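Numbering (the working numbering), first residue to last: 210 to 513.
Below is one structure, written out as structure tokens; the observations come after it.
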């Protein structure tokens with residue numbers, strides 16, 4: 210491009226204006242402002258390292274950033290409503306329909322899987338208690354069903370994991386208000402187990418938990434202060450009847466041993482009363498025994 214400047218009627222002085230080099234990711238808006246058009250700027254692109262896209266928008270990179278920003282923006286739970294009002298609507302949906310809510314979108318699934326949703330329902334008096342029942346079919350396989358007293362409806366739970374489908378002598382308990390635990394037991398082929406699984410009413414799925422410290426089946430179990438206790442039972446080996454006891458703390462997500470029972474026992478009944486755990490069962494020689502465990506002092510006392 211040439212620019213002619215008139216100095217006198219008889220003389221002209223000619224200057225050549227060289228466009229500055231621009232980075233390949235830039236556009237023609239970065240070229241010297243003296244170049245008034247993209248057509249004019251194109252004449253001064255000497256190589257591949259310069260901008261060779263005349264139609265590129267000067268805000269192209271901003272658009273990319275804006276797209277990234279849009280993906281980071283959390284969509285509302287219900288379009289047109291603030292999330293607090295949306296949650297106020299969703300917590301009023303009956304529990305029997307929560308499985309459908311989880312399928313609507315990821316944000317609803319995460320909401321129902323967290324602690325806040327059901328804690329809020331409970332604090333507002335909207336929690337619905339269900340009755341969980343286990344059954345065993347003719348082939349020896351177990352399954353769980355839940356009964357909704359409000360709507361008089363039965364709901365099947367997801368299939369039990371294979372390792373527990375045919376187990377015998379296992380324990381079951383509800384911990385943390387929404388987790389149904391299955392622990393210990395005896396597999397017909399593998400023998401006594403330490404394995405622990407639990408069903409979460411919030412995710413409608415079975416999950417693994419830390420294994421018990423000792424294999425056992427036909428043992429006693431209870432829940433005190435939201436901690437799961439197991440004691441006694443049987444296991445293959447020389448010491449068939451067990452005295453050991455252990456506790457699972459869901460807050461720490463681990464098992465630990467507690468004091469052993471006074472005598473080895475296979476409990477057949479257990480009751481929690483006034484913060485103590487009362488057990489009655491059969492000893493090593495099939496004699497009837499009874500003991501009580503006091504968590505505060507970590508001690509066992511024999512009963513009549």
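C-beta: ideal position from N, C-alpha, C; glycine also.
Bear in mind that the values here come from a model prediction, so they are computed numbers and not experimental data.
Closest in C-alpha terms to residue 360, from the list 303, 451, 474, 495, comes 303. Out of 445, 312, 388, 347, the CA that lies nearest to the CA of residue 418 is found in 388. Annotation for residue 457: 437, 464 place their beta carbon closer than 6 Å to its own, counting only its chain and skipping 5 residues before and after.
Taking a cut-off of 8 Å on C-beta distances, the segment 368-376 does not touch the segment 295-315, as fewer than three cross pairs fall below it.
Per DSSP, residue 296 is one residue of the alpha helix (DSSP H) stretching across 292-299. Annotation for residue 328: the continuous alpha helix (DSSP H) segment containing it runs 324-332.
Judged by DSSP in its simplified three-state form, residue 355 adopts strand. The segment 387-433 is shown to contain whole beta strand (DSSP E) runs of 3 or more residues at 388-392, 405-409, 414-418, 429-433, in chain order. Within the same chain, and ignoring the five residues on either side of residue 380 in sequence, the residues whose Cβ sits closer than 7 Å to its Cβ are 392, 393, 428, 430, 439.
Here residue 444 is not bridged, per DSSP, to any residue. Nearest neighbour of residue 338 by Cα position, chosen from 328, 474, 356, 282, turns out to be 356.
Taking residue 426 as reference, the option from 408, 411, 454, 415 with the minimal CA-CA separation is 454. Residue 311 is not bridged by DSSP to any residue. Note on residue 283: under 16 other CB atoms within 10 angstroms of its CB, so exposed under the neighbour-count rule.
Looking at 475, 405, 363, the one whose alpha-carbon comes closest to that of residue 376 is 405. Residue 304 carries a helical assignment under DSSP once its states are collapsed to helix, strand and coil. In this model, residue 347 and residue 506 are separated by some 45 Å (Cα to Cα).
DSSP places residue 457 in the strand class (E or B) of the three-state scheme. Nearest to residue 467 by alpha-carbon distance, out of 479, 421, 322, is 421. Non-local beta-carbon contacts of residue 489 in its own chain, meaning distances under 6 Å to residues more than five positions away in sequence, involve 478, 499 in chain order. In this structure, the CA atom of residue 297 is about 14 Å from the CA atom of residue 310.
In the three-state DSSP reduction, residue 316 falls in the helix class (H, G or I). A residue is called buried when at least 16 other Cβ atoms come within 10 angstroms of its Cβ; residue 288 does not meet this threshold and is exposed.
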